[in-house]
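**Q** For any residue, its number in the working numbering is found by taking its place in the sequence shown, counting from 1, and adding 794.
Quick reminder that beta carbons are idealized off the backbone N, C-alpha and C, glycines included.
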Amino acid sequence: MAGINKSVFEIQMEFHYSDLCIPTNQLLTEYHAEYHSHTQTYLVPDQNAEYEVRNSVLVDGGDRYGVSAVVFDKYEELVWMGNQGGHVTSYYGPSMQKYTSFQVHESDEVRDIITFEEGIYALTKSSLRHQIRRGIPKHTYKSDNMTDMQCLYEVNKTRLLMGGHQDKLLDLDLTKMKETVIPIEQEGCAVLRSGGGSLVACGSADGTVSLRDIRTLGTAEHSFRAHAACLSDLDMQGDLLITCGFTQTSNVAVAEPYVVVWDVRYLRGNTSSEGAWSISTASPPLLLHFLPVFSGRAAAVSGDGHVALIQVNTPSSGDNQSVFQVDTQSSLCSVMDVSSTSQALVFGNQAGHLHLFSAQHNHEPVYNNFSRQTEFADPMPVLPYARVTDTNFNISSVTLPPLNSGKKWFNELSEEFFKRMYRKPRSIDPEVLKTMKMQGPIGYAPNPKARKRNQIPYVTDTLEDLKARSEDKYHAQPIPKHYQKLDIRINKHGPNDELEQCNKTGLPGLEATLPNSYCNPMLQVLYYMPPLKSTLLSHTCAKEFCLSCELGFLFRMLDTSGGAPCQASNFLRAFRTVPEAAALGLILPDRGPDQRVDLVSLIQSWIRFILHQIHYEILETRKKEKELALLANSPPKPRIVKLNRLTNGYPEDYQYTEVEYLGPTAFEPEVYREGAEPWRSPEEVVVPEASPAPSTNHELTNNQHSTKDREESEISQLFAIGRHQLNRCLKCNKEEERESVVLACALQYNSASRDGEPRGFVELVRASLAARRSTPAWCEHCARFTPTTQRGRIVRLPPVLAINCGGMSAHEKTFWSKGPPKETLEIAKRGGSSKPCRYGLHCARPGCRFKHPERPPAPSPSTALKSPNQEITCILPHILNIRLQADGDIVINDKCDLSPSEPNRALLPKPKKSGPTEQQYLLTAAVVCVEDNPRNLVAYVRVPERDRDHAWYLFNDLSIVSVSADEVVQLGAWWKSPCVLFYSSRGS
């Protein structure tokens, strides 16, 4: 028996301390018998032993390799095992049912295993393998500092401490996969254990134990030599540290038959052995482990399988020990572990067996108190059995298995496959038509007998026809990824590799995780308008939910973010409190935008609402400042506004009577229809109505000079379009005039159409600015509804021209999907028609192509098509030259002297000498809708700070990429349609 024990301990020492310089023939396992051997008596297990064997299994590869690591899972009812061949196997529950089995290294043994919530980490000699519990590998970490690793210790959920037979410890950050090297003075670190506090016990192979604070691992708090020859194992619970090992006797290492207990409270300030005592065991222990549930209770395991449960609190507690035997198959018991509930113990030996022990009469031990459910494969469906000759079996009783999302069975065809389709008949024989005689609606003809009676009278598709039809079919190209709706979550406690891939420009993005984040593209457009941005940054008021203040705060946050993503949470919170926004339907529910919501009309109504809201908030703040100045008996400070810079030379004496929308949409309520009074909050300033204006322009100007107390805000100076509305009754020729200001121009497709076909984008903008239409209206002179012509005349052009493109109806979508018709090119080549219009001055037809007396000829609608850098699908020009005529009409063209190889120079044309009635506008921003599933809103913005490089950027929430100028104006026929366009005049 002594010979067997000696060989067992030699294997143990070779396994743990293969790199030591101690020969294995110098290791003695008998105590008090240095040079003689005797037969060790077999220990009879006590009948009162607390634990008994519950199950034993031969592990995968156990016939060739021994068990080198075993651990209980801290989250599930699993036992993990690693062998000397680099294989890991898990077993479920007390029945030891095999759960997963996989290889982590081709040859190196598994030294240690530790479990995390996401999976396990298996340590080999020179690598660390991370795998999920289902066996799928996630990551393999290797380093030049990993030469002979031995043990693992979990510092927290993101840090891992690794030790081995080397002069350094490795502190690994699991989120960044970066290591920190901690040099140590001892001869390696074979065991790492902690008692739950801040101290970690590091046991080296030479018998030295060092206590290190987890917060300052670089310096050992205390080091002492626990055993003279070498250390076998240690464990720690609270302030108690237990060790076992070998002593040195005449150049021979002898296993010590006792467990040494150390009180670390005495060791911190005292270098002597005070506070340490030993507890004798029946067999020299090689493995130690505290029972977590019991205080001071530990299990000491010898190499031949003797297990003793001892009390380590007092030196005299070693008398009462519970002993039981593990069947090691005459091999070394190499590893053990105790579950967190102390209801189960597991032992592994060099013979490739795992032995599960549990408390007596506890046949269903639980590893953890709150284990989560283990994920198993779906069970195979049990189908009913039926014989082939059974004609009474109901086949429909066999249920069909569930399918993945988006798939259907053949018996669930869509409705398009159930439509009635009629066969196409063959054409009538020309001989029949030649000899046919008509009798009323019926024709008679002799049968030419050119076809047999059993031939099909229908057209059948041949294989060549089907092949030709499939080749001609249009195959839609996929939408680019940076246009799609991206679901990117920002990790505030780790790296954001996906975000760095989506945004390499250094510009800040906006998160889209909150409700009503559909306005993020428009917020980016407003942020990159310097005049608007400076106005909002300087705005302050005492209103609780002021959108102007929240926008200024958001813009300041974007300025100081340094390119980091931001969140418009404060603005969206204030936006939800505005009752007018809820009345317009601009507030979406918290569950996110509905698929049925029309984002095109939603974003167009949003920009009209936000411009009017900021306008009235600025006027309200200005009024309150004047009231406070009057109360303080001091004149208010004059507000100096450089109108010449904002209006670009337009008349500064122009005043308006009201702020309204230009062109209603189907998305808006009735209060925004043409001629209705725009909404105003009760606390906001109401602009006084103007008296009826005279018919001549000279008298209108005098009237404006005499009107006082009419205020303008920075918003109206930036976006306002001065309009003079003239309504004339076709019966009595009575005319009525009305002046107003609009902040956004809505394209009116019917006004720029000819015979139901639109002419082009330039003509569309011209007809929408100076809208002319004929509609029934109430005439006070006639006292009834009469045909009335309404004509809008522009008297003031804004520095920033905002254009709502509409696009809700099928007619409007056709304009952007098909582009300008071919007839437009033909008319441009012919030069138009010189035939006079039959209605003369009474013509109310929008876009009439005939000549009219005393009316300047209409601009050529093909100017957008003649641009050398524009294709037939590039219907958006980069430049718009707008000139006001003397009679209020406008002329627009997009001519530019560029070659096709230099399209970007259109963004910065050469300055021209223009008067107050002519301006040149550049395309600076555009919001488009991507027809994807789900639909998405993105913004094109020409960043002013990067204008040297003509930098256009695509803003898609957190995704920001650089795009070319041609990509901005090219609209896809099936996936990209414009919503709002912004043209800025030069110098604004």
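Just the Cα atoms here: how many angstroms apart are T1371 and T969?
**A** Using only the alpha carbons, I get a separation of about 40 Å.
**Q** Roughly how many angstroms separate the alpha carbons of A1014 and L1035, rounded to a whole number?
**A** Cα-Cα distance, rounded: 16 Å.
**Q** Look at the alpha carbon of D906 and the alpha carbon of V864, and state the distance between them as a whole number of angstroms.
**A** Those two C-alpha atoms are separated by around 8 Å.
**Q** Tell me whether D1760 sits in a helix, a strand or coil according to DSSP, three-state version.
**A** In this structure, D1760 counts as helix in the three-state DSSP scheme.
**Q** Is it true that the CB of I1509 sits closer than 8 Å to the CB of C1539?
**A** No, these two residues do not count as a Cβ contact at 8 Å.
**Q** Strictly by DSSP, which residues pair up with Y1734?
**A** In the DSSP output, where bridge partners are listed per residue, Y1734 has A1720, L1748.
**Q** Where does R1729 fall in DSSP's three states?
**A** Residue state, collapsed to three classes: coil.
**Q** At what residue ranges does the region 1347 to 1392 contain a whole run of the alpha helix (DSSP H), taking only runs of 4 or more?
**A** Within the region 1347 to 1392, the complete alpha helix (DSSP H) runs of at least 4 residues are 1363 to 1370, 1373 to 1377.
**Q** According to DSSP, simplified to helix, strand and coil, what is C1343?
**A** Of the three classes helix, strand and coil, the one that applies to C1343 here is helix, per DSSP.
**Q** Taking its Cβ as the centre, do 16 or more other Cβ atoms sit within 10 Å of G1600, making it buried, or is it exposed?
**A** Classification of G1600: buried, given that the 10 Å Cβ count is 16 or more.
**Q** Locate the beta strand (DSSP E) running through K1770, then write down its first and last residues.
**A** It spans 1770 to 1779 - the beta strand (DSSP E) in which K1770 sits, taken as one unbroken run.
**Q** Quick one: residues in its chain with C-beta nearer than 7 Å to the C-beta of G1090, no 5 flanking neighbours on either side, listed in chain order?
**A** Once the five neighbours on either side are set aside, the close Cβ partners of G1090 are L1034, Q1105, V1106, N1107.
**Q** With three or more beta-carbon pairs closer than 8 Å as the criterion, would you say the region 884 to 901 touches the region 1173 to 1191?
**A** Because the criterion of three Cβ pairs below 8 Å is not met, the region 884 to 901 and the region 1173 to 1191 do not touch.
**Q** Let me check one thing: in DSSP terms, what residues is C1024 bridge-paired to?
**A** F1040.
**Q** How should Q1295 be labelled, buried or exposed, when 16 other C-beta atoms within 10 angstroms of its C-beta is the threshold for buried?
**A** Per the 10 Å Cβ criterion, exposed.
**Q** According to the neighbour-count rule (16 or more other Cβ atoms, all chains shown, within 10 Å of its Cβ), is K1770 buried or exposed?
**A** Looking at its Cβ environment, which holds 16 or more other Cβ atoms inside 10 Å, K1770 is buried.
**Q** Check each candidate in I1404, M1030, E1225 and name the one with the smallest Cα separation from P1240.
**A** Ranking the options by Cα distance to P1240, first place goes to E1225.
**Q** Measure the alpha-carbon distance for P931 versus N1598 and round it to whole angstroms.
**A** Their Cα atoms are separated by approximately 53 Å.
**Q** Kindly indicate the opening and closing residues of the beta strand (DSSP E) around K936.
**A** K936 -> beta strand (DSSP E) spans 931 to 936.
**Q** Pull up the distance between the alpha-carbon of Q1119 and that of S920, whole angstroms please.
**A** Rounded to whole angstroms, Q1119 to S920 spans 35 Å at the Cα level.
**Q** Of the choices Y1322, E948, S998, H899, whose alpha-carbon is the least far from that of V1737?
**A** Comparing Cα positions, the closest option is Y1322.
**Q** Are there 16 or more other CB atoms within 10 angstroms of the CB of S1044, so buried, or fewer, so exposed?
**A** Per the 10 Å Cβ criterion, exposed.
**Q** Under the three-state reduction of DSSP, which class applies to P1324: helix, strand or coil?
**A** P1324 falls in the helix class under three-state DSSP.
**Q** If you measure between the beta carbons of V898 and V882, is that distance less than 8 Å?
**A** Yes, these two residues count as a Cβ contact at 8 Å.
**Q** From which residue to which residue does the alpha helix (DSSP H) around R1059 run?
**A** Run containing R1059: 1058 to 1061, per the alpha helix (DSSP H) assignment.
**Q** At what residues does the beta strand (DSSP E) containing L1678 begin and finish?
**A** 1673 to 1678 is the span of the beta strand (DSSP E), which, as asked, contains L1678.
**Q** Tell me where the beta strand (DSSP E) around R1006 begins and ends.
**A** Per DSSP, R1006 belongs to the beta strand (DSSP E) from 1002 to 1007.
**Q** Under a Cβ-count criterion, where at least 16 other Cβ atoms within 10 Å of its own Cβ denotes burial, should S1133 be classed as buried or exposed?
**A** Answer is buried; the Cβ neighbour count reaches 16.
**Q** Rounded to whole angstroms, what's the CA-CA distance from L1674 to T1718? Just pull it up for me.
**A** When rounded, the distance between both Cα atoms is 12 Å.
**Q** Tell me the DSSP secondary structure of W1203 in three-state form.
**A** W1203 falls in the coil class under three-state DSSP.
**Q** Would S1136 pass as a contact of P1086 if the rule is Cβ separation under 8 Å?
**A** Yes, these two residues count as a Cβ contact at 8 Å.
**Q** Does the Cβ-Cβ distance between P1671 and F1776 come in under 8 Å?
**A** No.
**Q** A1565 and Q1542: beta carbons closer than 8 Å?
**A** Yes, the Cβ-Cβ distance between A1565 and Q1542 is below 8 Å.
**Q** Examine the Cβ distances between the region 1338 to 1345 and the region 1408 to 1419 and report whether three or more of them are shorter than 8 Å.
**A** Touching, yes.
**Q** Output needed for L966: all residues of its chain with C-beta closer than 6 Å, excluding positions within five of it in sequence on either side, in chain order.
**A** Same-chain partners within the cutoff: L954, E973.
**Q** Taking the alpha carbon of Y886 as the reference point, which residue from M1130, P1159, F1084, H1155 has its own alpha carbon closest?
**A** For the residues M1130, P1159, F1084, H1155, the minimum Cα distance to Y886 belongs to P1159.
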